[in-house]
Amino acid sequence: MSDLADLSITSAHELLDSGETSSSELLDAVLKRAGITESHLHAYLTIDKAGAAEAAARADERIAAGDGAQMTGIPIALKDNMVTKGVETTCSSKILSGWIPPYDGTAVSRLKEVDAVTVGKTNLDEFAMGSSTENSAYGVTRNPWDTERVPGGSSGGSAAVVAAGSAFAALGSDTGGSVRQPAALCGVVGLKPTYGLVSRYGLIAFASSLDQIGPITRSVEDAVVVLEAIAGHDVMDATSYRGAVPDFRAGLSAGVAGLRVGVAAELLRDDMQPEVLAATRKMVDQLSDAGAAVRQVSLPSVEYALSAYYLIAPAEASANLARFDGVRYGLRVDGETTEEMMARTRAEGFGPEVIRRILLGTYALSAGYYDAFYGQAQRVRTLVRRDFAAAYENVDVLVSPTSPTTAFSVGEKSTDPIAMYYSDVCTIPSNLSGDPAISVPIGLDDAGLPIGFQVMAPSLGEPVLFQAAAEIERLADFTARPRLATSEVT
Ligand code: GLN
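Taking the working numbering, the leading residue of the sequence shown gets 1, the next gets one more, and so forth.
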């Protein structure tokens, strides 16, 4: 590759290590790329040029002293629902406009500890509610493969910058698919780790029992590198996993011979885009040819996962978003009484999708309906967990498409929330179960848009997840790049 901005983290690290390039040069390359692509994409909400330049200078000193880690000096972007000390954090909502956090979230501070370089904050659907990044109060992000199309969501900005080369990697958050689905639609790798493996401290909560931070990268190994930097117990998050972090690299070059791969009929549905189905089936055949033992499995409760999610996630959101009341953070719209001030602030500060979720969640939790809606959804969640557990008695990993379609057009689904919700039909089950899942690009559809392939594994099964994903990456040999990631575009 001719341009530094297109390198993988692992190759950039080698060049840094050998002194062939510097962190400042890597930063210049991604900023130059952003200078070309941002007017087309609007993937960044904030670019912190001064902060990034200082971080790059620090990284260069550290590398010169022989003290660099894998992420040292690597330019990375953060979804704007992660709090960053001294840098505005909006969650793409008007209600947080102008809010400058006084601290860093744990994933962010772990990256800073190794002197990774934070380039800026990326656009998302407001409070991470959506699948297209159209629900941002600060404008739509576009897909680098076709700017008439959405990048997916809610971490659409993060996926777009990685695909476009305006960051080497990005962090996203995945509550129902928001790392994996945009990664699939932008032709990059997206990982949702096991719930609890990455601290949620400083991730502005959407649905706390489902939220998980994960990396978006251009290769499977790069996802490992970023995960290694951010995973592990954190006293600031009571749900953070206390045990030892597994060896994510254990299976990276092991191949899939003898690996038991399950295909769930419920996640390969006839109403999905034909090219997505065909590419998925072709990859399953390739895995089988590479020695995997492919088995059909059934996850009968998964049919109800989407419905259960749209009760549990809004219920938790309605509680989490109660704190945005005009008293403590961001926007305040005055009123005659405190109550009126709060009501006005919330009515003006939240966008339509966020209001819809708060109403849905409040209703699902209200006395008299609690058991019929929220309680029932929790029971479905238990059934989904049991289905996965039963499947994993017979297989090591499960596979499916990541998203039922490739990138759709801007505006195509924005007036039809149910059609939009369906985007996450394959990704939501792993959030309900808490298990890890990854999306790997495997090909292009007839319109030249990327197709993502999802691998799922049992809790803390990241080593086998990466083992399968690395082989899928080799088999797919996906080398296509979006037009916007080439220096010819002006
Ligand atoms: N698209 C799903 C939703 O709108 C998932 C969002 C997410 O994972 N943050 O809720």
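Every residue, glycine too, gets a C-beta built ideally from N, C-alpha and C.
Just so it is clear, the structure is predicted and the values come from calculations on it, not from any experiment.
Cβ-based neighbour list, residue i, same chain, cut-off 7 angstroms, excluding 5 preceding and 5 following
i, result
"ASP211", "SER173, THR175, ARG200, LEU203, ALA205"
"ASP247", "PRO463"
"LEU460", "THR194, PRO246"
"LYS85", "PRO101, PRO102, TYR103, ASP104"
"ALA34", "TYR44, ILE47, SER166"
"ASN320", "ALA205, PHE206, SER208"
"GLY120", "TYR44, THR46, ILE47, ASP48, ALA77"
"ARG332", "GLY326, MET341, THR345"
Nearest-angstrom Cβ-Cβ length linking residue i and residue j, presumed shorter than 8 angstroms
i, j, result
"LEU432", "TYR309", "6 angstroms"
"SER409", "GLU88", "Not quite, the Cβ-Cβ distance comes to about 30 angstroms (not below 8 angstroms), so this is no contact."
"ILE9", "VAL225", "5 angstroms"
"HIS40", "ARG142", "6 angstroms"
"ALA159", "ALA128", "With a Cβ gap of about 13 angstroms, ALA159 and ALA128 do not count as contacting."
"PRO436", "GLY452", "The Cβ separation is near 15 angstroms, so there is no contact."
"LEU365", "SER318", "7 angstroms"
Residue i: first and last residue of the uninterrupted alpha helix (DSSP H) it sits in
i, result
"THR338", "338–349"
"PRO215", "Per DSSP, PRO215 belongs to no alpha helix (DSSP H); it is in the beta strand (DSSP E), 213–217."
"ILE95", "Premise fails: ILE95 is in no alpha helix (DSSP H) and is neither H nor E."
"LEU171", "Segment 169–173 is the beta strand (DSSP E) holding LEU171; no alpha helix (DSSP H) there."
"GLY35", "23–41"
6 angstroms Cβ shell around residue i - same chain, five flanking residues per side excluded
i, result
"LEU191", "GLY214, PRO215, ALA223, ILE438"
"MET1", "Residue placement at MET1 is flagged as unreliable, the pLDDT there being 47, under the threshold of 50; a coordinate-derived value is accordingly withheld."
Sequence-distant residues of its chain with Cβ nearer than 8 angstroms to residue i (five each side left out)
i, result
"ASP325", "MET342, THR345, ARG346"
"GLU266", "SER298, LEU299, PRO300, VAL302, GLU303"
"LYS112", "ALA55, ASP104, THR118"
"VAL263", "VAL284, VAL294, ARG295, GLN296, VAL297, LEU398, VAL399, SER400"
CB contact below 8 angstroms: residue i versus chain D
i, result
"ALA293", "No chain D is part of this structure, which consists of one protein chain only."
Span separating the alpha-carbon of residue i from that of residue j
i, j, result
"ARG385", "ALA457", "12 angstroms"
"SER91", "THR122", "At residue 91 the sequence reads Cys, which differs from the Ser that was named. The straight-line gap from Cα to Cα measures roughly 9 angstroms."
"ARG58", "VAL256", "41 angstroms"
"VAL276", "SER131", "18 angstroms"
"ASP234", "SER208", "16 angstroms"
"ALA367", "THR337", "27 angstroms"
"GLY153", "SER403", "11 angstroms"
"GLU109", "GLY139", "Before going further, note that residue 109 is Ser rather than Glu in the sequence given. Roughly 28 angstroms separates the two Cα atoms."
"LEU444", "TYR369", "45 angstroms"
"VAL161", "ALA170", "8 angstroms"
"SER11", "LEU78", "21 angstroms"
"GLY196", "GLY177", "16 angstroms"
"PHE350", "LYS94", "7 angstroms"
Residue from the options whose Cα sits closest to the Cα of residue i
i, options, result
"GLU20", "ASP60, VAL425, VAL455", "ASP60"
"PRO429", "ARG180, ARG218, ALA476", "ARG180"
"HIS42", "GLU134, LEU111, THR72, GLU412", "GLU134"
"TYR392", "ARG295, SER307, TYR329", "ARG295"
"SER253", "MET272, GLU221, ALA231", "GLU221"
"GLU316", "GLY120, GLU348, GLY375, GLY73", "GLY375"
"GLN467", "GLY120, SER109, LEU287, PRO144", "LEU287"
"ASP67", "LEU27, VAL114, TYR241", "VAL114"
"SER24", "MET420, ARG62, VAL327", "ARG62"
"MET236", "GLU473, ASP446, LYS32, THR106", "THR106"
Terminal residues of the beta strand (DSSP E) in which residue i lies
i, result
"LEU444", "437–444"
"PHE453", "450–456"
"LYS121", "117–122"
"ARG260", "260–264"
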